[in-house]
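Participant: With UniProt numbering applied, the sequence shown closes on residue 447, and no number is skipped along the way.
Ideal Cβ placement from N, Cα and C applies to all residues, glycine included.
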Amino acid sequence: MTTTVAPGRPRRTITSSLLAAGAALAAAVNTLQWRSAAYVQRAGTTDAAVRETPSHLLGRRKTAVRDTPTVTWQNRVSKVDRLKSLQHHFLDLTAGLAQTTAWQQLRWSEPLCLALEQRVEAESPASSEEDISAMCHKRLRKLGNALRVGWEFELLEGQAQPSPGESQELSDPSAVWDRLALLGPRKQENYRHIKAGDRQGSATLMRPSIQQPGSDTGAKLKTTAQDYRVAVAAQSSTVWHQQATSLAVDALRKAGAERVLDIGSSFNPLHGLFPSVTALDVVPAHESVLVADFLEVELREGLADVLVDPTDSSRCVAVPAGGYDGALLSMVLRAFKSLESRREMVRRAALTLRPGGVLVIVERTYLGTMLKIRTDKDTFWAFMGLRKIHASRAARGTSVDVFQRIDGGGTLPTKTRSQIADMSISDNGPVKQFFLGWLRWLRTRLR
């Protein structure tokens, strides 16, 4: 059998493939050697000197350059060298992962590492010195993961935050390790409740029968309304959420907003920050939040304020259209599986704004991906009656996008949740077509 080669395209031989694989392997080895060299620590340097020395960024980890002889910190060392090794490891973690002033300006390396050493020695009295050192470094890596995901405020519960440029002593080093041991399982349980609640949907969570403890319907569910309420409210203490909320508040204040609508508010983080705040949520976690599914409430023109159910003053049935200076959608779009539901949520939020009002959207995923928009100049925003004016980033890749309400657009009749469910729209159609085209192109390249 003869092999034909397309004109103008050289045939890929086994030799060339092996050479390409070898080059990729060599590049990977060089990268690993470079990364391992970045972990080299040097002795005889104070904590302040570590942070003042210029450093390069390796992933999210920074290493300091010193003029003293090099000493590599290792996992398995004797008791004599253990504390110094733990301090260097701790400083390496905080230099690259700490996001708050409380951790960036700390002077805690020695007391915190000493408390860790004493704790591990008490837990494993029969272990060797090297094994105890390895267990201490494992706890430090766990602390680094906690800093990376934004648990810094929770680890320092009750500790006053220092002013910029001010160093601070740690009042109770042992309590930090106690909280670290408890935070992991608690956070994982909260994340499971949030995901399960999002899968069930707001209609299921709002059903009165599942909100009563001990009901048969609630026992069959993976999470109850109360579980979902507590899990969402617990996100308020994370670094990324506090930074994103601060950016959103700054954007609303810069626009001069006085009447603000907080959609999917949960625990009402804007409470008391503006003259008038209307907070809505399917499962409220604060007494000031009204119960409402925003895809079901009526957007009525001419209303001076929200309209509540006559039989239940905590339930909202109508919201004034064009009556707000600002609106906030914080971590709301991620809860919807349907593209149409996400877009309808944005369109409804825009309709509540007066001309010139601002809409702030906070999400952990890129907004263009969630709404399937190619660029910020996409005609989708003009169709919604919005114009993007600003974008910023908080910790953990959280995006804060600010839009301004413009005249025209967003005036088509809005759809309710039931109407959206009846629409047979495939969200993955364009993605599937792109993927199939990419496979066809790849197949022609490998011939």
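1. Grab me the residues of L86's own chain with a C-beta within less than 6 Å of its C-beta, minus the 5 sequence neighbours each way, in chain order.
2. Rounded C-beta distance between V260 and D178? I'm assuming under 8 Å.
3. Check for me: the alpha helix (DSSP H) holding R192 runs from which residue to which?
4. On the three-state DSSP scale, how would you describe S313?
5. Roughly how many angstroms lie between the CA atoms of K254 and D293, to the nearest whole one?
6. Is it right to say A234 is buried, meaning 16 or more other beta carbons lie within 10 angstroms of its own, or is it exposed?
7. In this structure, does DSSP put H271 in helix, strand or coil?
8. If we ignore side chains and look at the alpha-carbon of each, how far apart do S265 and L97 end up?
9. Quick check: what's the CA-CA separation for A349 versus K138?
10. I need the DSSP call for V283, collapsed to helix, strand or coil.
11. Would you give the residue range spanned by the alpha helix (DSSP H) that E130 belongs to?
12. Does the structure place the segment 363–371 close enough to the segment 329–340 that three or more beta carbon pairs sit under 8 Å?
13. How long is the line joining the alpha carbons of S215 and A285, rounded to whole angstroms?
14. Do you know how far the Cα of W73 is from the Cα of H88?
15. So who's on the other strand from V230, going by DSSP bridges?
16. Could you check what DSSP says for L299 in three-state terms: helix, strand or coil?
17. Could you give the first and the last residue of the continuous alpha helix (DSSP H) run that contains K254?
18. With DSSP run on the structure shown, which of helix, strand or coil describes T278?
19. What do you get for E117, buried or exposed, if any count of 16 or more other CB atoms within 10 angstroms of its CB means buried?
20. Which of the three DSSP states, helix, strand or coil, is assigned to L339?
21. What is the rounded straight-line gap between the Cα of T224 and the Cα of L339?
22. Relative to the alpha-carbon of L367, which residue among R354, T398, K142 and G437 has its alpha-carbon at the smallest distance?
23. Could you give the C-beta distance for L180 and A146, rounded to a whole number, given that I count them as a contact under 8 Å?
24. Less than 9 Å between the C-beta atoms of I406 and M345, yes or no?
25. Which residue comes first and which comes last in the alpha helix (DSSP H) that contains Q104?
26. If we ignore side chains and look at the alpha-carbon of each, how far apart do R61 and G322 end up?
27. Output needed for V308: all residues of its chain with C-beta closer than 8 Å, excluding positions within five of it in sequence on either side, in chain order.
28. Quick check: what's the CA-CA separation for P185 versus R192?
Facilitator: Looking at the atomic coordinates:
1. Counting only Cβ-Cβ distances below 6 Å, and skipping sequence neighbours, we find C113 and C136.
2. Contact check for V260 and D178: beta-carbon distance about 39 Å, past the 8 Å limit, so the pair fails to qualify.
3. Unbroken alpha helix (DSSP H) run through R192: P173 to Q200.
4. Shown here, S313 sits in a strand according to DSSP, grouped into three states.
5. Their Cα atoms are separated by approximately 29 Å.
6. By the 10 Å Cβ count, A234 comes out buried.
7. H271 carries a coil assignment under DSSP once its states are collapsed to helix, strand and coil.
8. Whole-angstrom Cα-Cα distance: 29 Å.
9. Between A349 and K138, the C-alpha separation is close to 47 Å.
10. Coil at V283, not helix or strand.
11. Element bounds for E130: E129 to R148.
12. Contact check between the segment 329–340 and the segment 363–371: three or more CB pairs, one atom from each, fall below 8 Å, which counts as touching.
13. With a pLDDT of 44 at S215, under the threshold of 50, the modelled position of this residue cannot be trusted; read the value that follows with caution. Going from the Cα of S215 to the Cα of A285 covers about 21 Å.
14. Approximately 7 Å, taken between the alpha carbons.
15. V230 is not bridged to any residue.
16. Strand, per DSSP.
17. Judged by DSSP secondary structure, K254 falls within the alpha helix (DSSP H) whose first and last residues are V239 to K254.
18. Residue state, collapsed to three classes: strand.
19. Buried, by the Cβ-count rule.
20. Residue state, collapsed to three classes: helix.
21. Taking the straight line joining both Cα atoms gives about 26 Å.
22. When each option's Cα is compared against that of L367, the closest is T398.
23. About 6 Å separates the beta carbons of L180 and A146, which is inside the 8 Å limit, making them a contact pair.
24. Result no, Cβ atoms of I406 and M345 do not sit closer than 9 Å.
25. Unbroken alpha helix (DSSP H) run through Q104: T101 to Q104.
26. Legend: pLDDT at R61 = 34, less than 50; position of this residue unreliable, value from coordinates given subsequently. R61 and G322 have their C-alpha atoms some 47 Å from each other.
27. Excluding sequence positions up to five before and after V308, its CB lies within less than 8 Å of the CB of L290, S314, R315, C316 and V317, all in the same chain and listed in chain order.
28. C-alpha separation (whole angstroms): 11 Å.
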